[in-house]
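Participant: Numbering (this note's numbering), first residue to last: 345 to 626.
The beta-carbon is built from N, C-alpha and C at its ideal position, and this holds for glycine as well.
#1: Around the Cβ of residue 624, are there at least 16 other Cβ atoms within 10 angstroms (buried) or fewer (exposed)?
#2: What runs of the alpha helix (DSSP H), each 4 residues or longer, lie entirely inside the region 528-594?
#3: With distance defined between alpha-carbon atoms, name the residue in 397, 569, 474, 435 nearest to residue 446.
#4: Work out the CA separation of residue 572 and residue 365 for me, nearest whole Å.
#5: Taking residue 386 as the reference, give the member of 486, 411, 371 with the closest Cα.
#6: Could you tell me whether the Cβ atoms of residue 454 and residue 602 are closer together than 7 Å?
#7: Report the three-state DSSP secondary structure of residue 440 (helix, strand or coil).
#8: Take the Cβ of residue 615 as the centre, count every other Cβ of all protein chains shown within 10 Å, and call the residue buried at 16 or more, exposed below.
#9: Within 10 angstroms of the Cβ of residue 397, are there 16 or more other Cβ atoms? Answer buried if so, exposed if not.
#10: What do you get for residue 577, buried or exposed, if any count of 16 or more other CB atoms within 10 angstroms of its CB means buried?
#11: For the region 423-439 against the region 500-514, do three or more pairs of beta-carbon atoms, one drawn from each stretch, fall closer than 8 Å, so that the two count as touching?
#12: Could you give the distance in angstroms between the alpha-carbon of residue 588 and the alpha-carbon of residue 600?
#13: In the DSSP assignment, find the beta strand (DSSP E) that holds residue 462 and state where it starts and stops.
#14: Could you give the residue range of the alpha helix (DSSP H) that holds residue 432?
#15: Which value, in whole angstroms, describes the spacing of the CA atoms of residue 544 and residue 395?
#16: Which of the three DSSP states, helix, strand or coil, is assigned to residue 484?
#17: Where does residue 620 fall in DSSP's three states?
#18: For residue 322, name the three-state secondary structure that DSSP assigns.
#19: Let me know the secondary structure DSSP gives residue 522 once reduced to three states.
#20: Which of the three DSSP states is assigned to residue 400 in this structure?
#21: Buried or exposed for residue 606, please, with buried defined as at least 16 other CB atoms from any protein chain shown within 10 angstroms of its CB.
#22: Alpha carbon to alpha carbon, how far is residue 586 from residue 598?
#23: Please state whether DSSP places residue 388 in a helix, a strand or coil.
#24: Between residue 490 and residue 457, how many whole angstroms is the CB-CB distance? I'm expecting something under 8 Å.
#25: For the region 520-529 and the region 465-473, state whether three or more C-beta atom pairs, one from each stretch, are separated by less than 8 Å.
#26: According to DSSP, residue 601 sits in a beta bridge with which residue or residues?
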């Protein structure tokens with residue numbers, strides 16, 4: 345039995361359980377929104393290579409603020425995704441998902457897993473966020489047709505409950521990853537569902553002709569354009585990369601690791617240090 349399954353059984357007391365937990369359906373989203381607005385450093389990870397429920401516990405103990413499940417590039421099982429989202433809701437730890445695209449059907453399916461928000465890849469115009477909005481909101485504001493594990497944690501299925509417990513706090517982070525997106529940064533940042541404006545640095549650098557060169561003048565200018573677009577409408581910018589370096593530049597909403605990449609680097613450094621120590625004693 346998975347850790348999440350044990351928690352399901354421990355927390356379930358029949359029909360009353362839906363009402364008991366409903367009010368906190370997306371408490372995690374409210375917590376993360378408050379942290380983003382505070383101006384303090386907020387740190388998270390993007391899980392691409394490996395995902396398992398206990399990762400939520402590890403991140404909480406390490407002092408991280410959120411987890412993003414990468415479904416754009418990661419090969420994660422749907423059951424695992426829903427279990428990680430459920431565990432995040434149980435312990436009020438924000439779990440977001442990056443879907444493969446921002447199409448209506450994709451967004452609707454993504455929310456059915458029960459995350460508290462989405463990191464949206466390659467958003468190029470505000471009109472794309474209109475379609476995302478349709479996938480988040482129920483009629484009459486949108487076209488969402490809810491179902492699946494994401495239904496377990498609302499108090500009831502009335503419209504006002506969905507609005508109060510899910511829609512009003514759902515986090516949306518549109519990534520600017522192309523020249524077209526950069527040209528429309530102001531409109532993307534100003535859209536009603538945008539929580540913070542985000543960047544996809546590698547893909548953007550490739551589209552700008554400086555692939556992987558993050559300190560190129562074109563990239564520095566692009567970052568400034570995106571940052572200022574957010575500032576003009578009172579929204580911060582989400583950055584991914586070297587945490588200490590980004591914090592030193594004044595950015596506060598940060599994604600600072602891919603867990604398996606961080607593990608590989610830690611193992612490499614430990615191995616090298618051990619071998620160097622052994623060589624020095626010979």
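Facilitator: Let's see:
#1: exposed
#2: 529-534, 545-551, 561-576, 587-592
#3: 474
#4: Per-residue confidence for residue 365 stands at a pLDDT of 47, beneath the threshold of 50, marking its modelled position as unreliable; the derived number appears in the next sentence. Their backbone Cα atoms lie some 39 Å apart in a straight line.
#5: 411
#6: no
#7: strand
#8: exposed
#9: buried
#10: exposed
#11: no
#12: 9 Å
#13: 461-464
#14: 422-434
#15: 21 Å
#16: Residue 484 falls in the coil class under three-state DSSP.
#17: Here residue 620 carries a helix assignment [DSSP, helix/strand/coil].
#18: Lying before the first or after the last residue shown, residue 322 is absent from the chain, which here runs from 345 to 626.
#19: coil
#20: helix
#21: exposed
#22: Whole-angstrom Cα-Cα distance: 9 Å.
#23: strand
#24: No, residue 490 and residue 457 are not in contact; Cβ-Cβ is about 12 Å, not under 8 Å.
#25: yes
#26: Partner(s): 389.
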